[in-house]
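Novice:
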Amino acid sequence: MSLEELYRQVILDHYRNPRRSGSIEHPDATAEGNNPLCGDEVTIEVVLDEGVVTDAAVRGRGCSISQASASMMADRIVGMSVEEIATLTRQVKAMLDIEAGDPGLDSDRPGAVLGDLEALAGVKQFPVRIKCADLPWTTLEEALASDVV
Amino acid sequence: MTLDVERIRKDFPILSRRMNDKPLVYLDSAATTQKPSQVIDAMSEFYQLHNASVHRGAYALAEEATALYEGARQKVADFIDAGSAREIVFTRGTTTAINTIAYGWGLNNLKSGDRILLTKMEHHSNVVPWQIICRHTGAELVYLPITDDYLVDTSDLESIIDERVRIVAFSGMSNVLGSLGPFAELVAAARAVDAITVVDAAQLIPHIPTSVQALGADFVAFSAHKMLGPTGIGALWGRMELLEAMEPAEGGGSMIRDVQLHESTWADVPQKFEAGTPPIAEAIGFGAAVDYLSALDMEQVRAHDIEITRYALDRLAEIPSLTVYGPDDSAARGGVVSFTLADIHPHDLATILDHQGIALRAGHHCARPLMQVLDVPATARVSFYVYNTIDEVDALIAGLHEARRLFGVS
Ligand SMILES: Cc1ncc(COP(=O)(O)O)c(C=O)c1O
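First to last, the protein sequences are chains A and B. Per this note's numbering, the first sequence starts with residue 1, numbered consecutively. Per this note's numbering, the second sequence starts with residue 1001, numbered consecutively.
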């Protein structure tokens, strides 16, 4: 395992220039997540139109892994349906070794279908950091579950 | 070096471990120190040869165990220059010691409108117990601010301390900033209004030679595991007349003189505060730890702390965009150094340094109110003890440069 695999340029870029950072005036679904042990925080807001995310915003503070994961996630989910997001979330969690089961990933290169998000693949070599990468995804799941459209 | 650190290191089996294929560089002694063989052996010898419950059995083995347990109390008393071993109450650690005062003294002596004076650099264990007591009694918390030099700000002490203040509780040495507390001023100000003083000495006693009699405070709380001893044991020192007047926070076996169906009477101090079967092997390990420190000589321990901390502060100051949170004056601080490096989050720093075998702490260090004052969510923290070397500080500095490289920090 190497630190270069963990701190890839893509991660540092999202950490320093977070996409869709901020808030939305009238979100349809929102959730706040935090890891009490390390203090990472993420707040997610999304706008939904007939089951499709049409806008998303995240804000938070914490380590590069949690914040980059949130930025990549926000960037990725706009335009996706809630079902597609559920699949994507399962794929990310499988890549991070959080969830077992076969979400249809190539076992040699589980991140191949994930685009930028594949940069998070290195995290699973650093077990204490997995929860950092996972925080935005778990928070997103909560947000979408809270929506009663 | 003031201490013979190379020889000392041989006493600590764990220090020969490798982490992530590098020699372990342990820089988290403020969280818990490593343990020398002398402590580990004293504890296992107790289990192998002397194990029995204390203060009960009428047989020789139990007498041996009791003598060892009470012998440890005497050693701890001598180590902090207590007037009597009876003034040492064994607790689970600093946290339990402070809770013992909060529930024993606070709950029974405070009323609505009374005040407890704390500082904004307290560990949660010197904040939360008082909050609980305030909820029960209607008393309120007041905080002394922190100066730009990271010391407790006592400039307004006179206007803050009045008859409403019944307890003044402060850390002897901050576990985040390293700052030493303004003992003399706070003790004098508290005495002037008849308030009791409580010193959270979790970091003070391990690092600074201390006479509790000279300190002048009423209660002093500390933990064995931060001074080479085992976890699960610590001590509350209190002035005898206060301990005698104080109610026990816990009831049960061992702490009673007599039990009737509806009433009981308490055993003498300190047994009154030691309900239940105590951690006997841990107490013996605690005794072995203070023996070890006394043999090194606490003046030498302090000198080593100053030397290595001075070196670390000077080396850290060479790193661009690194900010240290804590006093620069060696006389005003102990061997705990908190810092941040550019926009690299402390957890990322900890991961990068862990990769080089260096163990340091990242987070809020159980001091959220202080993090708000510093206006940072977290810091990285290194802390030194008798086994740390200048070479290890150099390894830290190299690791921080590696972090800068990985994050592209100029
Ligand atoms: C200043 C200070 N106070 C209190 C504590 C609590 O000590 P313990 O967890 O051993 O009860 C610590 C240790 O974390 C500390 O550094």
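The C-beta atom is built at its ideal place from N, Cα and C for all residues, glycine as well. Here the structure is a predicted model, which is why all the values come from computation and not from measurement.
Ligand 1 and H1123(B): does the residue's C-beta get closer than 6 Å to at least one heavy atom of that ligand?
Specialist: At least one heavy atom of ligand 1 is nearer than 6 Å to the Cβ of H1123(B), so yes.
Novice: Roughly how many angstroms lie between the CA atoms of D49(A) and L135(A), to the nearest whole one?
Specialist: Answer to the nearest angstrom: the Cα atoms are 25 Å apart.
Novice: Going along the chain, which residues of the stretch 1352-1364 of chain B sit with their C-beta nearer than 8 Å to a C-beta in chain A?
Specialist: Per Cβ criterion, the list reads I1352, H1355, A1362, G1363 and H1364.
Novice: Whole angstroms is fine: what's the gap from L1049(B)'s alpha carbon to A1062(B)'s?
Specialist: Cα to Cα, the separation comes out at about 11 Å.
Novice: Under a three-way DSSP split, which group does I1284(B) fall into?
Specialist: DSSP places I1284(B) in helix when its eight states are reduced to three.
Novice: Output yes if chain A places a C-beta closer than 7 Å to the C-beta of D1375(B); else output no.
Specialist: D1375(B) does not count as touching chain A.
Novice: Going by DSSP in three states, P1129(B) sits in which element: helix, strand or coil?
Specialist: In this structure, P1129(B) counts as helix in the three-state DSSP scheme.
Novice: List the residues of chain B that R90(A) touches, going by C-beta distances under 9 Å, in chain order.
Specialist: In chain order: nothing, as chain B lies at least about 26 Å away.
Novice: Return helix, strand or coil for G60(A), following the three-state DSSP convention.
Specialist: DSSP places G60(A) in strand when its eight states are reduced to three.
Novice: Counting only C-beta atoms, is L1406(B) closer than 7 Å to chain A at any point?
Specialist: At least one chain A Cβ lies under 7 Å of L1406(B).
Novice: Pull out every residue of the stretch 27-47 of chain A whose Cβ sits closer than 9 Å to any Cβ of chain B, in chain order.
Specialist: For the stretch 27-47 of chain A, which is checked against every Cβ of chain B, the residues closer than 9 Å are L37, C38, G39, D40 and E41.
Novice: Mapping the DSSP letters down to three states, classify T1389(B) as helix, strand or coil.
Specialist: T1389(B): coil per DSSP, three-state reduction.
Novice: With hydrogens ignored, establish whether the beta-carbon of A1249(B) is closer than 6 Å to any heavy atom of ligand 1.
Specialist: The answer is no for A1249(B).
Novice: Does any residue of chain A have a CB that is nearer than 7 Å to the CB of H1345(B)?
Specialist: Yes, H1345(B) counts as interfacial toward chain A.
Novice: Closest Cβ-Cβ distance between L3(A) and chain B: below 7 Å?
Specialist: L3(A) counts as touching chain B.
Novice: Under 7 Å, do E1274(B) and N1108(B) count as touching if we go by C-beta distance?
Specialist: No; because the gap between Cβ atoms is not below 7 Å, this pair is not in contact.
Novice: Using a Cβ-Cβ distance cut-off of 7 Å, determine whether S146(A) contacts chain E.
Specialist: Absence of chain E from the displayed structure is noted, the protein chains being A and B.
Novice: Using a Cβ-Cβ cut-off of 7 Å, state whether V149(A) counts as contacting chain B.
Specialist: Residue placement at V149(A) is poorly supported in this model, since its pLDDT is 49, which falls under 50; the coordinates still yield a value, given next. V149(A) does not count as touching chain B.
Novice: Could you check whether the stretch 1335-1349 of chain B touches the stretch 1090-1104 of chain B, counting it as contact only if at least three pairs of C-beta atoms, one from each stretch, sit closer than 8 Å?
Specialist: Cβ pair count under 8 Å is below three, so no.
Novice: So with CB distances below 7 Å, who are the chain B contacts of R129(A)?
Specialist: In chain order: T1351.
Novice: Exposed or buried, what is E1087(B) when buried is set at 16 or more other beta-carbons lying within 10 Å of its beta-carbon?
Specialist: Counting Cβ neighbours within 10 Å, E1087(B) comes out buried, since at least 16 surround it.
Novice: Which residues, in chain order, does the stretch 1368-1394 of chain B contribute to contact with chain A at a C-beta distance below 7 Å?
Specialist: Residues P1377 and A1378.
Novice: Count the other CB atoms within 10 Å of the CB of A1312(B); is the residue buried (16 or more) or exposed (fewer)?
Specialist: A1312(B) comes out buried.
Novice: Return helix, strand or coil for S1338(B), following the three-state DSSP convention.
Specialist: Note: S1338(B) maps to strand in three-state DSSP.
Novice: Beta carbon of S1171(B): closer than 6 Å to some heavy atom of ligand 1?
Specialist: Yes, Cβ of S1171(B) sits closer than 6 Å to a heavy atom of ligand 1.
Novice: Taking 6 Å as the limit between beta carbons, can you name the residues of its chain near S1174(B), skipping five residues before and five after?
Specialist: Here the set comprises M1121.
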